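Engineer:
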Amino acid sequence: MDKKTYNILLLTGIAGFFAALLVGIGEFTLQFSPLGGYEAEGYGYFANVSKDRLTIGHFFSTLAAPLYILGYWHLGQMFIKGGSKVHGWIITLLGGYAFMVGNAWLGGRIYLALTAHEIADITDSNFVLQLQSLLSEFGAHNEPLVNALRLAMVVVSILWIWRIALGKTLYPRWVALFSPAVILGAIFATYFTGLSIGVWLLPAAMNVVHLIIFSISIYAVHRQYKKLNL
52 MDKKTYNILL LTGIAGFFAA LLVGIGEFTL QFSPLGGYEA EGYGYFANVS KDRLTIGHFF
112 STLAAPLYIL GYWHLGQMFI KGGSKVHGWI ITLLGGYAFM VGNAWLGGRI YLALTAHEIA
172 DITDSNFVLQ LQSLLSEFGA HNEPLVNALR LAMVVVSILW IWRIALGKTL YPRWVALFSP
232 AVILGAIFAT YFTGLSIGVW LLPAAMNVVH LIIFSISIYA VHRQYKKLNL
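Oh and the sequence shown: position 63 is 114 in our numbering, straight run, nothing missing.
(1) Buried or exposed for Ala256, please, with buried defined as at least 16 other CB atoms from any protein chain shown within 10 angstroms of its CB.
(2) Between which two residues does the alpha helix (DSSP H) holding Lys278 run?
(3) Between the C-alpha atoms of Gly249 and Thr113, what's the straight-line distance to the nearest angstrom?
(4) Contact check, Leu126 vs Ser230 under 8 Å by CB: the rounded distance?
(5) I'd like the span of the alpha helix (DSSP H) that includes Tyr222, first residue to last.
(6) Identify which residue in Gly158, Thr143 and Lys55 has its Cα closest to the Cα of His192.
(7) Does the structure place the stretch 219-235 close enough to the stretch 177-189 that three or more beta carbon pairs sit under 8 Å?
(8) Comparing the C-beta of Ser176 with each C-beta of chain D, is any distance below 8 Å?
(9) CA-CA distance, Ala98 and Arg104?
(10) Taking Ile234 as the reference, which of Tyr222, Trp211 and Thr220 has the closest Cα?
(11) Taking the CB atoms as reference points, tell me whether Gly133 and Thr80 lie closer together than 8 Å.
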């Protein structure tokens, strides 16, 4: 690995890290409720989030999300330069596309949240029913987008485990243990088993996953460069 390649991989890895960090901060600000309840129907947990936090979180997260494109280019190059060209391009294109779909999902959360606030604040039962119906329609058009992102992460994770375990990437083989789907599953497990940390991790779960992924990847780039340039 020459110095130019190292610098490009390092900078794009750092861009991915900051994508996860900034979107994570924004999504946490937008969605965190100390009472949990993220899985409940009706998005009632949003009523526990102030409107100022909703606004800050909305813009912070959606404006930072395009950095994920650079991050996924970086991940793909770590596969391509290790001998998995086709798999690397699949990861680059699928990951970048999936996070843009995910950003559309994230941008729609503010409308769910503001509607949930209105439902919590009004007393007219007929109007509440109308808003609940509207909220249900919003949700039906919003949730499939995050499910598309999760499905893409399953595909990425299969390629991740397979190619890294075979030694066909720039990652050491132990990195195969840290696939996006495995880390995401562990975060969901902390929440649904009642561990208090799950309440804090779940609102920005996908970004927590990628903070770990990009941290490992930056380490792997530096390790590979030192190994080849001793």
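Note that the Cβ used here is the ideal one computed from N, Cα and C, for glycine as well. Bear in mind the structure is a predicted one, so any value in this text is a computation, not a measurement.
Structural biologist: Taking the definition as stated:
(1) The C-beta of Ala256 has 16 or more other C-beta atoms within 10 Å across all chains shown, which makes the residue buried.
(2) Ala256 to Leu279
(3) 23 Å
(4) Actually they do not touch by this definition, with Cβ atoms about 12 Å apart.
(5) Note, Tyr222: premise wrong, no alpha helix (DSSP H); not H, not E.
(6) Taking the Cα of His192 as reference, the smallest distance to any Cα among Gly158, Thr143 and Lys55 is reached at Gly158.
(7) no
(8) Absent from the structure: chain D. Only one protein chain is present.
(9) Going from the Cα of Ala98 to the Cα of Arg104 covers about 11 Å.
(10) Trp211
(11) For Gly133 and Thr80, no; Cβs fall outside 8 Å.
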